[in-house]
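Reviewing the structure listed below.
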Amino acid sequence: MIPDWALSITCILLDLKFLLFFRIFEYFGIYFAIIFGVAKRVFFFLLVLAIIIASFAHGFFLLLHPRNLLDSLNEQNPNDSNNPWTLYNTYNQVDENGNILNETLIQVPSENTNLFYSYPTSLLATYLFLTGNQNSLSPWAPKPTTENTLLFILMAVFSFLIVIYLMNLFIGLLNMAIEKDNDRALYLVQKAEVLAEIELFYLLPHQRRWRSWFPEVIYCRVDVEKTRIYIKEAIKKGTVFTDYI
Numbered sequence: 001m002i003p004d005w006a007l008s009i010t011c012i013l014l015d016l017k018f019l020l021f022f023r024i025f026e027y028f029g030i031y032f033a034i035i036f037g038v039a040k041r042v043f044f045f046l047l048v049l050a051i052i053i054a055s056f057a058h059g060f061f062l063l064l065h066p067r068n069l070l071d072s073l074n075e076q077n078p079n080d081s082n083n084p085w086t087l088y089n090t091y092n093q094v095d096e097n098g099n100i101l102n103e104t105l106i107q108v109p110s111e112n113t114n115l116f117y118s119y120p121t122s123l124l125a126t127y128l129f130l131t132g133n134q135n136s137l138s139p140w141a142p143k144p145t146t147e148n149t150l151l152f153i154l155m156a157v158f159s160f161l162i163v164i165y166l167m168n169l170f171i172g173l174l175n176m177a178i179e180k181d182n183d184r185a186l187y188l189v190q191k192a193e194v195l196a197e198i199e200l201f202y203l204l205p206h207q208r209r210w211r212s213w214f215p216e217v218i219y220c221r222v223d224v225e226k227t228r229i230y231i232k233e234a235i236k237k238g239t240v241f242t243d244y245i
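Residues 1 to 245 (the UniProt record's numbering) are what the sequence shown spells out, left to right.
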């Protein structure tokens, strides 16, 4: 029996593959060219950003993980400030007159109580903090301890460095990259690559020999003035031409 996660990933990849078929059309292909071009330009910036986020996740994990990493949910340790049973929520009972009773209710902790019990879940909690979800860090109340002081210092540094500075810098880089890649020439290059892929992998050998599809000489009509402007600009950039118009 095929597992559900395999079906889910397969359907996503199949839908994306079907969507890529539209890149041959100009109305869709221009946006595909922008998407792929911008991704290539900001790839190394995203790599640096991912390393910084992983570093903060590692720091949060070493600071907030419970002492017993294997079975912290079943072992109550009141001396461990990061133990899930120490971070649980308490609720007071009240009578019908609104008076608080002596009995209290506690919420049984789960794996979501302390997401920093392992490094992979620490990565998840740090990513959620990046998106604005602070629930993973809310169980730790401000206290005059070294660990809590360091925790809130790391939160402040992470908020300023990642959320404010690098994310806004990333948006600016995206705008610059979109302006550079918003060009019809990139779509034509992409279309040529698609046609080359069809010629190599989707045609029979006798179809590749049809002269009506693949003539030996192809004539193109271009504007003389625009061509001269292009050649002059190319010469300024150092391009060498054997023939000139």
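A virtual CB, placed ideally from N, CA and C, is assigned to each residue, including glycine. All figures in this text were calculated on a predicted structure; none of them were measured in a lab.
Which of helix, strand or coil DSSP assigns to residue i
{"i": "Leu105", "result": "strand"}
{"i": "Asn168", "result": "helix"}
{"i": "Thr90", "result": "strand"}
{"i": "Ile100", "result": "strand"}
{"i": "Ser118", "result": "coil"}
{"i": "Asn79", "result": "coil"}
{"i": "Tyr244", "result": "Reliability of the predicted coordinates at Tyr244 is poor, the pLDDT of 47 falling under 50, and no value is obtained from them."}
{"i": "Glu216", "result": "coil"}
{"i": "Ile2", "result": "coil"}
{"i": "Glu193", "result": "helix"}
{"i": "Pro84", "result": "coil"}
{"i": "Lys237", "result": "coil"}
{"i": "Gly29", "result": "helix"}
{"i": "Arg221", "result": "coil"}
{"i": "Leu14", "result": "helix"}
Identity of the residue in the options nearest residue i by Cα
{"i": "Gly59", "options": "Ala196, Thr126, Leu130", "result": "Thr126"}
{"i": "Val163", "options": "Phe56, Pro84, Trp140", "result": "Phe56"}
{"i": "Tyr123", "options": "Leu20, Val217, Ile235, Ile51", "result": "First, the amino acid is wrong: residue 123 is Leu here, not Tyr. Ranking Leu20, Val217, Ile235, Ile51 by Cα distance to Leu123 puts Ile51 first."}
{"i": "Ile106", "options": "Thr90, Asn97, Asn112", "result": "Thr90"}
{"i": "Gln190", "options": "Leu16, Leu161, Phe21, Leu14", "result": "Phe21"}
{"i": "Asn135", "options": "Thr121, Asn112, Thr146, Tyr119", "result": "Asn112"}
Assumed close pair residue i, residue j - CB separation to whole angstroms, cut-off 8 Å
{"i": "Phe116", "j": "Phe61", "result": "5 Å"}
{"i": "Leu64", "j": "Asn114", "result": "7 Å"}
{"i": "Glu199", "j": "Arg208", "result": "7 Å"}
Within 8 Å, strictly: CB atoms of residue i and residue j
{"i": "Leu166", "j": "Leu49", "result": "yes"}
{"i": "Arg23", "j": "Val194", "result": "yes"}
{"i": "Leu169", "j": "Val42", "result": "no"}
{"i": "Leu87", "j": "Val94", "result": "no"}
{"i": "Gly29", "j": "Tyr202", "result": "no"}
Is the segment 171-184 close to the segment 32-41, with three or more CB pairs under 8 Å? Judged by Cβ distances under 8 Å, the segment 171-184 makes contact with the segment 32-41, as three or more pairs qualify.
Taking contact to mean 3 or more Cβ pairs, one atom from each stretch, closer than 8 Å, check whether the segment 145-163 and the segment 6-14 are in contact. The answer is no - the segment 6-14 does not touch the segment 145-163, with fewer than three Cβ pairs under 8 Å.
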